[in-house]
Amino acid sequence: MKLAPRLAVLLAAAVAAATACAPQTSDNSSSGKDEKSGTLRVWLFQEVNNKPKEKVVDAALADFEKAHEDTKVTVEYIPVETRAQRIKAAFNDPGSAPDVVEFGNTDTAGYVKDGGLADVTAEFAAWGEAKDTDPTARQSVTVDGKVYGAPYFVGVRALYYRTDVFDELGLEPPKSLAELASTAKKVHSAKPDLYGIAVGGAYTYGAMPFIWANGGELAEGKGGSYASAIDSAPARKGIEAYTSLFGDDNCPAAKCAGMGGNDTVTAFASGKAAMVVGGDFSHQAVEAGAAKGKYAVVPLPGVESGSIAPAFAGGNNIGVLKSTAHRTLAVDLMRRLASKKAQGELFDAMGFLPTFTDVRQQVAAKEPFVKPFVDTLAAGTKFVPASPAWATIDSSQVLPTMFQEVVSGKKDVGAAAGDAARKMDEAFGSAG
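Its first residue numbered 9, the sequence shown is counted upward by one per residue in this note's numbering.
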């Protein structure tokens, strides 16, 4: 979930913690109360540099308290790494639970299954700003047709490339995935000390666009019932396209099979790779490295020349706990924290991309760097299955294991995808 700058690593760690440590049953029924005054508690994520976020949040809270007499809000910034335990424990103990909470967008289905989040479908539909929420962000708060929060920000990936290397070798940014592969090999052939493109066998969210661009899906179904589609012919074609980038002609399997998303971005930022699939949230890391001033970003291309590969839309949401005794106030506070005004200010403060399409266009006009990511979002993004099983699939490293088995030569694509599909179906079946 990015959880903005930490999407790949922290998501895996958090869902693993949720699976291993969280209580399995919850006393999280609705309080039945709707008090119009008193103190509301909010839990938000602690960022690496949290002061700018606090300033944006404090402004929203001041407006809220001004609008509601005899009402006070207290905010606790909780560590991202331990959020799963904290939030699920809150579902079990309404007396210590917050009224409003920030959560990763891939956590939605699991939290809904646990019974902790309030259904705010009617209030979301009545919210005037909601009509401008992008479809994938709306999907990230929707389970079985019901809405359980408001999208807070989104994170998406595109293709970073070294302009100095490309200029020296007379190369153009690739316009298709086939060109991406051939360009990477040209770079590595001319400059053996560079990966043409840094890829990782444990970089699930960087590999997904290759599957989606080839017409594949992770799973199919709805209404909470899913079946794996990772072993379909189009998905296998995408797996083949991604795993073909591992080898001595680009990114040697011995070095790259174990790399995750952060590892690949670090390789690019430190000057060891000519290309990488990185997020808008990777910008600061690249700017702080040897690649500073020598790179540009374009959307990751798709199969057809000039097309854009569908990207995973990570990010966070804001929701109301079912146990709140201040439902009306909590919903209003959720809206204010996730409003167009607050999201625009959060972009200025933290660089987090807004979930509203019109606000995204505004920030792209202010900051040219954002344009490739906005274009990627506009081309259409994808999301993981809205099932609590996804936490198990992700924390169990089902997809990284599949990629690594292919890259190592242990299994061919068909066998590895078949095994991954069986593991996914077991998880979906166990989730009910």
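Ideal Cβ positions, reconstructed from N, Cα and C, are used throughout, including at glycine.
Practice task
Look up L48 in the DSSP assignment and say whether it is helix, strand or coil.
Solution key: Residue 48 sits at position 40 when you count from the first residue of the sequence shown. Note: L48 maps to strand in three-state DSSP.
Handout entry: Candidates P393, S404, L337 and G208, of which the one nearest K74 by Cα
Key = Taking the first residue of the sequence shown as 1, we reach residue 74 at position 66. When only C-alpha atoms are compared, the closest one is L337.
Handout entry: Within the segment 138-174, ranges of the beta strand (DSSP E) (whole runs, at least 3 residues)
Key = 158-163 and 165-170
Handout entry: Cβ-Cβ distance between A97 and T332 below 8 angstroms
Key = As a working note, residue 97 is residue 89 in the sequence shown. As a working note, residue 332 is residue 324 in the sequence shown. In this structure, T332 does not lie closer than 8 angstroms to A97 by Cβ.
Handout entry: Distance between S45 and G214 (C-alpha atoms, nearest Å)
Key = If you number the sequence shown from 1, residue 214 lands on position 206. If you number the sequence shown from 1, residue 45 lands on position 37. Using only the alpha carbons, I get a separation of about 46 angstroms.
Handout entry: CA-to-CA distance, A439 to A397, given in whole angstroms
Key = Locating residue 397 in the sequence shown gives position 389, counting from the first residue. Locating residue 439 in the sequence shown gives position 431, counting from the first residue. Taking the straight line joining both Cα atoms gives about 5 angstroms.
Handout entry: Residues of its chain near Y303, where Cβ-Cβ distance is below 7 angstroms and the 5 sequence neighbours each way are ignored
Key = Counting from one through the sequence shown, the residue named residue 303 turns up at place 295. The residues are Y168, Y169, R170, T171 and V294.
Practice task
Find out if the Cβ-Cβ distance for the pair A321, V164 is shorter than 8 angstroms.
Solution key: By 1-based counting over the sequence shown, the position of residue 321 is 313. By 1-based counting over the sequence shown, the position of residue 164 is 156. Yes, they are a contact pair.
Practice task
Rounded to whole angstroms, what's the CA-CA distance from A70 to V382? Just pull it up for me.
Solution key: Position 62 of the sequence shown, counted from the first residue, corresponds to residue 70. Position 374 of the sequence shown, counted from the first residue, corresponds to residue 382. For A70 and V382, the distance between alpha carbons rounds to 31 angstroms.
Practice task
List the endpoints of the continuous beta strand (DSSP E) containing G322.
Solution key: As a first step, residue 322 is located in the sequence shown; it is residue number 314 there, counting from the start. Unbroken beta strand (DSSP E) run through G322: G322 to V328.
Practice task
Report yes or no: do three or more beta-carbon pairs, one from the segment 371-378 and one from the segment 86-96, lie closer than 8 angstroms?
Solution key: no
Practice task
Could you check which residue in Y203, M216 and K61 has the C-alpha nearest to that of M410?
Solution key: Counting from 1 along the sequence shown, the entry for residue 410 is found at position 402. Cα-wise, what sits closest to M410 is M216.
Handout entry: Simplified DSSP state of Y211, which is helix, strand or coil
Key = By 1-based counting over the sequence shown, the position of residue 211 is 203. Coil.
Handout entry: Contacts around A275, its chain only, beta-carbon distance under 8 angstroms, and the 5 residues preceding and following it disregarded
Key = Locating residue 275 in the sequence shown gives position 267, where the first residue counts as 1. Around A275: Y203, A206, M267, A281 and V284.
Practice task
Grab the span of the alpha helix (DSSP H) containing I401 for me, first residue to last.
Solution key: Counted from its first residue, the sequence shown places residue 401 at position 393. A397 to S403 is the extent of the alpha helix (DSSP H) around I401.
Problem - Host beta strand (DSSP E) of M283 (start-end) - result: Taking the first residue of the sequence shown as 1, we reach residue 283 at position 275. Start and end: M283 to G287.
Exercise for the section: Spatial neighbours of L329 within its chain, please: CB distance less than 8 angstroms, with the 5 preceding and 5 following residues excluded, ordered by chain position. Expected result: The sequence position of residue 329 within the sequence shown is 321, counting from 1. Cβ within range, chain order: N36, A98, F99, P102, A105, P106, D107, V108, V109, G124, L125, A126 and A338.
Exercise for the section: Could you give the DSSP three-state label for A394: helix, strand or coil? Expected result: For the purposes of this step, residue 394 is identified with residue 386 of the sequence shown, where counting begins at 1. Note: A394 maps to coil in three-state DSSP.
Practice task
Look at L185 and G310 and say whether their C-beta atoms are less than 8 angstroms apart.
Solution key: The residue labelled residue 185 in the question sits at position 177 within the sequence shown. The residue labelled residue 310 in the question sits at position 302 within the sequence shown. Cβ distance < 8 angstroms, so L185 and G310 count as in contact.
Problem - Expected contact under 8 angstroms - CB spacing of A429 and S236 to nearest Å - result: Along the sequence shown, one-based indexing puts residue 429 at 421. Along the sequence shown, one-based indexing puts residue 236 at 228. About 4 angstroms separates the two Cβ atoms, so the contact holds.
Handout entry: Candidates A435, H76 and I247, of which the one nearest D402 by Cα
Key = Within the sequence shown, residue 402 is the residue found at index 394, counting from 1. Checked all of A435, H76 and I247; the closest Cα to D402 is A435.
Exercise for the section: Could you tell me whether the Cβ atoms of I219 and A243 are closer together than 8 angstroms? Expected result: Translated into positions along the sequence shown, residue 219 becomes position 211. Translated into positions along the sequence shown, residue 243 becomes position 235. Cβ distance < 8 angstroms, so I219 and A243 count as in contact.
Handout entry: For Q351 and A145, the rounded distance between their alpha carbons
Key = Start at 1 with the first residue of the sequence shown, and residue 145 comes out as number 137. Start at 1 with the first residue of the sequence shown, and residue 351 comes out as number 343. In a straight line, the C-alpha of A145 is about 13 angstroms away from that of Q351.
Handout entry: For N57 and G323, believed in contact at Cβ under 8 angstroms, the rounded distance
Key = For the purposes of this step, residue 323 is identified with residue 315 of the sequence shown, where counting begins at 1. For the purposes of this step, residue 57 is identified with residue 49 of the sequence shown, where counting begins at 1. Wrong, their Cβ atoms sit about 18 angstroms apart, outside the cutoff.
Exercise for the section: Since I believe A357 is in contact with V64 (beta carbons under 8 angstroms), could you give me their beta-carbon distance rounded to a whole number of angstroms? Expected result: The residue given as residue 64 occupies position 56 in the sequence shown. The residue given as residue 357 occupies position 349 in the sequence shown. So it is a contact: roughly 5 angstroms between Cβ atoms.
Exercise for the section: Can you grab the Cα-Cα spacing for the pair V81 / D42, in whole Å? Expected result: The residue labelled residue 81 in the question sits at position 73 within the sequence shown. The residue labelled residue 42 in the question sits at position 34 within the sequence shown. Answer to the nearest angstrom: the Cα atoms are 16 angstroms apart.
Practice task
Starting from the Cα of G40, find the closest Cα among R335, K194, R344 and V128 and give me that residue.
Solution key: In the sequence shown, residue 40 corresponds to position 32, counting from 1. Nearest option by C-alpha distance: R335.
Exercise for the section: Kindly list the residues whose CB is nearer than 7 angstroms to the CB of G426, restricted to its own chain and excluding five residues on each side of it in sequence; keep chain order. Expected result: Working through the sequence shown from its first residue, we reach residue 426 at position 418. Contacts found: D239.
Handout entry: Spatial distance of C29 from G297 (CA atoms)
Key = Position 21 of the sequence shown, counted from the first residue, corresponds to residue 29. Position 289 of the sequence shown, counted from the first residue, corresponds to residue 297. Since pLDDT at C29 reaches only 36, below the 50 mark, its modelled position is unreliable, and the value read off the structure follows with that caveat. Straight-line Cα distance between these residues: approximately 37 angstroms.
Handout entry: Complete beta strand (DSSP E) runs within the segment 287-316 (minimum length 3 residues, chain order)
Key = 303-306
Problem - S252 burial status per 10 Å Cβ neighbour count (16 or more: buried) - result: Indexing the sequence shown from 1 puts residue 252 at position 244. S252 comes out buried.
Exercise for the section: Would you mind reading off the limits of the beta strand (DSSP E) that contains F111? Expected result: Translated into the one-based positions of the sequence shown, residue 111 becomes position 103. Looking at the DSSP string, the run of the beta strand (DSSP E) that includes F111 is V108 to G112.
Practice task
Could you tell me whether the Cβ atoms of T365 and A166 are closer together than 8 angstroms?
Solution key: Here residue 365 refers to the residue found at position 357 when the sequence shown is read from its first residue. Here residue 166 refers to the residue found at position 158 when the sequence shown is read from its first residue. Their beta carbons are not under 8 angstroms apart, which means T365 does not touch A166 by this criterion.
Practice task
Taking A249 and N222 to be in contact with their CB atoms under 8 angstroms, please state how far apart those CB atoms are, rounded to whole angstroms.
Solution key: The residue labelled residue 249 in the question sits at position 241 within the sequence shown. The residue labelled residue 222 in the question sits at position 214 within the sequence shown. Rounded, the Cβ-Cβ distance is 6 angstroms, consistent with contact.
Handout entry: Which listed residue (T191, L52 and A424) has its alpha carbon closest to that of F111
Key = On the sequence shown, residue 111 is found 103 positions in, with the first residue counted as 1. The candidate whose alpha carbon is nearest that of F111 is L52.
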